[in-house]
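Numbering (UniProt numbering), first residue to last: 1 to 278. For each residue, glycine too, the CB sits at the ideal point set by N, CA and C. Take a look at the structure set out below.
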């Protein structure tokens, strides 16, 4: 058997990496989105056996690791990341745990450690709830509300400090507006929910950024927002959708519009970036 190699990826590797990641699409939407949108601007590594790509590891600009390597020897990674600062790990739970251990970061203090259930949907099976009196618009219809809601979501679901969230939310929403993949849901003249896509390939989208203010919850707004943006995306040729749910209420909303359980996803975020020892 050819020994496995771990090396930096080059632009020449991009087509093969995309083919590999597509075989694990539901758990690879973030790296696929980055590769399709920016090439290898995200720092990328690969596992290789002979000429065959057997795994991927991305290191984002905000210092998060994104593994997709089901049979990896993670001990090969540490020399490449020695003295690098790592803010977190995002991806398949077993891989994130094994990589965290291989990097000597088991005891690093955590801001967030969640394993969230993932769901998938063939858009041919999308079920629209009643939407009379509702509409969706780009974020530009009320950018201030979108920023305020995103800041609240960062505190509630991602563990950010309240004093840090507004600036982070401002930058994120500005990027969302430029990408054009998020929408506000309105009931009459009142915005009631927010939803969008945080990753996209040629035929698949990943739902992200869903938020409904506490006073407007349990009224079906999140499922309306998600189903309406998916119906809109379906008209552009999108065939599938994936997501992961932060809580049971969110999971119930997604099941109600046709999503089915399919995978799980880990978010391991450190309180501050951790330096990998040599």
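What is the rounded straight-line gap between the Cα of residue i and the Cα of residue j?
i: residue 31; j: residue 58; result: 7 Å
i: residue 201; j: residue 23; result: 13 Å
i: residue 19; j: residue 166; result: 38 Å
i: residue 109; j: residue 271; result: 6 Å
i: residue 53; j: residue 16; result: 7 Å
i: residue 121; j: residue 260; result: 6 Å
i: residue 273; j: residue 89; result: 11 Å
i: residue 250; j: residue 51; result: 42 Å
i: residue 240; j: residue 181; result: 15 Å
Here's the rule I'm using: 16 or more other beta-carbon atoms within 10 Å means buried, otherwise exposed. How should residue i be labelled?
i: residue 34; result: buried
i: residue 140; result: exposed
i: residue 296; result: Because the chain is modelled from 1 through 278, residue 296 falls outside the range shown and cannot be assessed.
i: residue 266; result: buried
i: residue 92; result: buried
i: residue 220; result: buried
For residue i, I'd like the list of residues in its chain whose CB is within less than 7 Å of its CB, leaving aside the five on either flank, ordered along the chain.
i: residue 8; result: 45
i: residue 123; result: 230, 234, 238, 239, 240, 241
So what does residue i bridge to, in DSSP terms?
i: residue 52; result: 49
i: residue 63; result: None; residue 63 has no bridge partner.
i: residue 272; result: Residue 272 pairs with nothing; no bridge assigned.
i: residue 254; result: Answer is none; residue 254 lacks a bridge partner.
i: residue 186; result: 135, 191
i: residue 241; result: 121, 205
CB-CB under 6 Å to residue i, same chain, minus the five flanking residues each way: which ones, in chain order?
i: residue 222; result: 193, 210, 212, 253
Whose C-beta lies closer than 8 Å to the C-beta of residue i among residues of the same chain, with five residues either side of it excluded?
i: residue 82; result: 276, 277, 278
My guess is that residue i and residue j are in contact by the Cβ rule of under 8 Å, so how many angstroms apart are they, rounded?
i: residue 197; j: residue 206; result: 6 Å
i: residue 257; j: residue 226; result: 7 Å
Within 7 Å: the Cβ of residue i and any heavy atom of the ligand MG?
i: residue 103; result: Because no ligand of any kind appears in the structure shown, any question about the ligand MG cannot be addressed here.
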